[in-house]
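*Asks:* Handing you a structure now.
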Amino acid sequence: MTDDTSLDPWFAIPIVIACLILSAFFSAGETAFTGASRARMHGLERAGDPRARIVTRLLNMRERFIGSMLIGNNIVNIGVSAFTTSVLVGIFGDHGALYATVIMSVLVIVFSEVLPKTLAITAPDAASLLLSRFVSAAVAVLGPLALAVERLVRLMLRPFGIRIGANQPILSATEEIRGQVDLLHKEGGVVKDERDMLGGLLDLADLTVSEVMVHRTKMRTINADLPPEEIVREVLSSPYTRLPLWRGSQENIIGVLHSKDLLRALDAVGGDASQLRVEAIALETWFVPDTTSLRDQLKAFLAKKTHFALVVDEYGEVMGLVTLEDILEEIVGDIRDEHDITLQGVRPQPDGSVNVDGSVPIRDLNRALDWHLPDEEATTIAGLVIHEARAIPDAGQAFTFHGFRFQVLRKSRNRITALKITPLTVRPRRAAE
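So for the sequence shown, my numbering puts the first residue at 3; every next one is plus one.
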């Protein structure tokens, strides 16, 4: 039995269609703006695009924007459902409510949710620019209501001890970038080398020079008291262009000898090395604290226009040396030229295990094998084993932690010189990505 007071279906249909279009607009706007690239919008804004300026402004007031979109979407969806129900109940009686639920569920899900959101996420930048003025108008109208609802929610949560900071991000900008890069790598959009370079660049602020320096036990130095002829031979036989000079003890560094300066001085005296005054040629030593971040040290290298510094601890004792190349290698990976000495520190085995020298840095091992061993408490792989074992293990001892089995192969006094590392889930060896 129909109700004679019910609305004319031909009048109701346009209202339902208009409401579905509004619902689709709110759904597409929320999805497009959420997926829009801030960097892209910033570039377009600088190029003079007024629509990009609107998008950037709305993204900067994210909570009000999202609240407005959700409120608008819910008002339209609830309103059109109630309107359709009243119309169909007037036409079909009690069964009209069931018909309205089925019909509106299909229409809202397909045409107001899935379809517009799919189109928006396919090209979020273009969609956000297209909808920018309309979304801005909607936020201007619904924004005050969204702020009122937000304050009401905060008041309701306060008795439970939950306080929500306004516009407080959960992740820092660096963590967000790192997460995006890792996600793109998993999806195949970024190759491993590019991911490692971007990750290395982001790590510069967190790493210190003590974590990448050449330790003093591996430094190649020259005794300043040697005859000039022997010093020349030492410099020519070295793969390095800058060599620290010491006198009395190897910790007493008195300068840094550059091979190019030495050759110029040697040419000036006609090739007679006995006439050289090596100390007069040496450059002044630059000491930096071991706690200096790589980002600050990189800036210091660029400002000072030099590539070499000695690292000292809080007591002023020399711990090692750091070069510009050491910092760049944290970004681009190992840099080798025709004069470098190749040290075989990582030797993959057919069974999936890896034999590693104890002095290999954890970061280099992670980069080479795509592992994720922690490097917060130790710099080298031997240091990590000692830290986890809480002792200096003997040869033959084995430990399991962080998803790997570590077996000590060789030990020299108090130093672990060789380890065998086996992933607990061994995968066949494959070519480097």
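Each residue gets a CB set at the ideal place from its N, CA and C atoms; glycine is no exception.
Could you pull out every residue in the same chain whose Cβ sits closer than 6 Å to the Cβ of residue 347, ignoring the five residues on either side in sequence?
*Replies:* Apart from sequence neighbours up to five positions away, the residues of its chain that approach residue 347 with a beta-carbon distance below 6 Å are 359 and 362, ordered along the chain.
*Asks:* If you run the structure through DSSP and keep just helix, strand and coil, what is residue 295?
*Replies:* strand
*Asks:* Can residue 91 and residue 84 be called in contact, C-beta distance under 7 Å?
*Replies:* The Cβ atoms of residue 91 and residue 84 do not sit closer than 7 Å to each other.
*Asks:* Taking 7 Å as the cut-off, decide whether the C-beta atoms of residue 282 and residue 257 are in contact.
*Replies:* Not closer than 7 Å, so no.
*Asks:* Please tell me whether residue 278 and residue 230 are closer than 7 Å, where the distance is taken between their beta carbons.
*Replies:* In contact: residue 278 and residue 230 (Cβ atoms closer than 7 Å).
*Asks:* How big is the Cα-Cα spacing for residue 143 and residue 204?
*Replies:* 41 Å
*Asks:* Taking only the alpha-carbon atoms, compute the straight-line gap between residue 332 and residue 305 and give it to the nearest angstrom.
*Replies:* 20 Å
*Asks:* Please state if the CB of residue 418 and the CB of residue 384 are separated by a distance shorter than 7 Å.
*Replies:* yes
*Asks:* So the candidates are 295, 326, 196 and 368; which of them puts its Cα closest to the Cα of residue 307?
*Replies:* 326
*Asks:* Note the first and the last residue of the continuous alpha helix (DSSP H) segment covering residue 86.
*Replies:* Here the alpha helix (DSSP H) through residue 86 covers 64-94.
*Asks:* Please identify the residue among 288, 295, 235 and 299 whose C-alpha is closest to the C-alpha of residue 447.
*Replies:* Lying before the first or after the last residue shown, residue 447 is absent from the chain, which here runs from 3 to 435.
*Asks:* Quick check on this structure: which residue in 302, 238, 163 and 255 has the alpha carbon closest to the alpha carbon of residue 246?
*Replies:* 255
*Asks:* By DSSP, does residue 33 sit in helix, in strand, or in coil?
*Replies:* helix
*Asks:* State the CB to CB distance for the pair residue 66 and residue 141, rounded to an integer number of angstroms; the pair is presumed to be in contact (CB under 8 Å).
*Replies:* 6 Å
*Asks:* Could you tell me the boundaries of the beta strand (DSSP E) in which residue 257 lies?
*Replies:* Looking at the DSSP string, the run of the beta strand (DSSP E) that includes residue 257 is 251-260.
*Asks:* Within 10 angstroms of the Cβ of residue 416, are there 16 or more other Cβ atoms? Answer buried if so, exposed if not.
*Replies:* exposed
*Asks:* Going straight from the alpha carbon of residue 297 to that of residue 322, what length do you get?
*Replies:* Here the C-alpha atom of residue 297 lies approximately 18 Å from the C-alpha atom of residue 322.
*Asks:* Does DSSP classify residue 389 as helix, strand or coil?
*Replies:* helix
*Asks:* Decide yes or no for the touch test of the stretch 143-155 against the stretch 45-60: beta carbon pairs closer than 8 Å, at least 3 of them.
*Replies:* no
*Asks:* In the stretch 353-392, which residue ranges form an unbroken alpha helix (DSSP H) of at least 4 residues, counting only runs that do not cross its ends?
*Replies:* Whole alpha helix (DSSP H) segments, 4+ residues: 364-371 and 383-391.
*Asks:* I need the DSSP call for residue 161, collapsed to helix, strand or coil.
*Replies:* helix
*Asks:* Pull up the DSSP beta-bridge partners for residue 277, would you.
*Replies:* Partner(s): none; residue 277 has no beta bridge.
*Asks:* Secondary structure at residue 425, three-state DSSP: helix, strand or coil?
*Replies:* In the structure shown, residue 425 sits in a strand (DSSP, three-state: E or B).
*Asks:* Enumerated in chain order, which unbroken segments of the alpha helix (DSSP H) with a length of 4 residues or greater are wholly contained in the stretch 192-246?
*Replies:* 194-205 and 230-239
*Asks:* Taking just the CA atoms, how far does residue 225 sit from residue 252?
*Replies:* 8 Å
*Asks:* In this structure, how does DSSP classify residue 49 when only helix, strand and coil are distinguished?
*Replies:* coil
*Asks:* Are the beta-carbon atoms of residue 410 and residue 425 separated by less than 7 Å?
*Replies:* Taking C-beta atoms as the reference points, residue 410 and residue 425 fail to come closer than 7 Å.
*Asks:* Under the assumption that residue 422 contacts residue 357 (Cβ atoms under 8 Å), give the Cβ distance between them as a whole number of angstroms.
*Replies:* 5 Å
*Asks:* Smallest Cα separation from residue 119: which of 27, 199 and 198?
*Replies:* 27
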